[in-house]
Amino acid sequence: MLLAEDPGVTVVGEAGSGDEAVALLARTHPQLCFLDVQMPGGSGFEVLARAEAPLPMVVFCTAYDQYALEAFRVHAFDYLLKPYEDSRFRETLARAKEQLSREEAARLGEQLRAKAVEAGLVSAPSSRIVVRDRGRIIFLEAEEIDWIESADYYVELHVGARTYLHRESMAALENRLDSARFVRIHRTAIVNRRVLRELRRTGSGGLVAVLATGAELPVARSQQARIRQLR
Numbered sequence: 013m014l015l016a017e018d019p020g021v022t023v024v025g026e027a028g029s030g031d032e033a034v035a036l037l038a039r040t041h042p043q044l045c046f047l048d049v050q051m052p053g054g055s056g057f058e059v060l061a062r063a064e065a066p067l068p069m070v071v072f073c074t075a076y077d078q079y080a081l082e083a084f085r086v087h088a089f090d091y092l093l094k095p096y097e098d099s100r101f102r103e104t105l106a107r108a109k110e111q112l113s114r115e116e117a118a119r120l121g122e123q124l125r126a127k128a129v130e131a132g133l134v135s136a137p138s139s140r141i142v143v144r145d146r147g148r149i150i151f152l153e154a155e156e157i158d159w160i161e162s163a164d165y166y167v168e169l170h171v172g173a174r175t176y177l178h179r180e181s182m183a184a185l186e187n188r189l190d191s192a193r194f195v196r197i198h199r200t201a202i203v204n205r206r207v208l209r210e211l212r213r214t215g216s217g218g219l220v221a222v223l224a225t226g227a228e229l230p231v232a233r234s235q236q237a238r239i240r241q242l243r
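Under my numbering, the first residue of the sequence shown carries the number 13, and numbering increases by one thereafter.
The following block contains the structure:
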């Protein structure tokens, strides 16, 4: 078994049916799951729809290529078409482990910064953002921003009916925002908790954040548990 060959991986279980898979996910809460599309007792997509959040990172391994689009609609990390080479599997596993490590590092960094601010070791986040818009310089108070969207090396600041393009990376801006007011729900979106109105499960087992502005934004698998705990 290729997974067992990797010393950095702990296999917590195997399931032979959809029901077993749902139960196993609930019992072990894995970080990564390799899932077939067709299995006894339900498809892999049905397993994800029935599983409780937060869902693990999912890699589909199947002999059916027609489900690839649906797999990525449910935010699958990868789609391995059988028969695949061992090297292809190992490459996917390596990328998955790297992504999981980055997510864990980001969570730890956020916790450390919050403690440092609380202890007075670093300054509190800035509340003003300077935006250049068509020859004008606009001073935005952070609290005015409804949500922020990543756009390559820029971010789009959604303020009511207006959208401002601001030259700053998502990570840099996030570090300047008050984590008590703003929450990262996806690698491409930060939301002001003031406008967060509803969390809605999708038929594919994902989670969508509904804002007071009417915008509906996907919540990343890695953020689902944290978002559900917001008050």
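Beta carbons are placed, not taken as given, at the ideal position from N, Cα and C, and that holds for glycine.
For E97, no alpha helix (DSSP H) segment is defined, and its DSSP state is neither H nor E. According to the DSSP assignment, T40 belongs to the alpha helix (DSSP H) that extends over G30 to T40. Within the model, the alpha-carbon separation for G218 versus F151 is close to 36 Å. Secondary-structure assignment with DSSP links T175 through a beta bridge to H170.
With a threshold of 16 other beta carbon atoms within 10 Å, Q241 falls short and is exposed. Between A83 and F72 a beta carbon distance of about 5 Å is seen, short of the 8 Å cut, so the two are scored as contacting. Each residue's CA atom was taken as its position, placing V222 and A63 some 21 Å apart. Taking all protein chains shown into account, L120 has fewer than 16 neighbouring C-beta atoms within 10 Å of its C-beta and is therefore exposed. Within the same chain, Cβ atoms closer than 7 Å to the Cβ of K109 are found at G20, the five residues on either side in sequence being excluded. For A232, the closest C-alpha among the options P68, R148 and P52 is that of P68. Taking C-beta separations shorter than 7 Å and ignoring five residues to either side along the sequence, the partners of V34 in its chain run V59, R62 and A63, following chain order. For a cut-off of 8 Å, the C-beta gap from R193 to R205 is around 6 Å, short enough to register as a contact.
Separation of T40 and D48 (C-alpha to C-alpha, rounded to the nearest whole angstrom) is 18 Å. Note: F72 is bridge-paired with L47 and Y91 in the DSSP secondary-structure output.
In this structure, G172 is the residue among A163, Y166, G172 and S162 with its C-alpha nearest to the C-alpha of E153. Considering only Y76, T22, D98 and G56, the residue with the shortest C-alpha distance to E32 is G56. In this structure, the beta-carbon distance from T200 to D158 does not fall below 8 Å.
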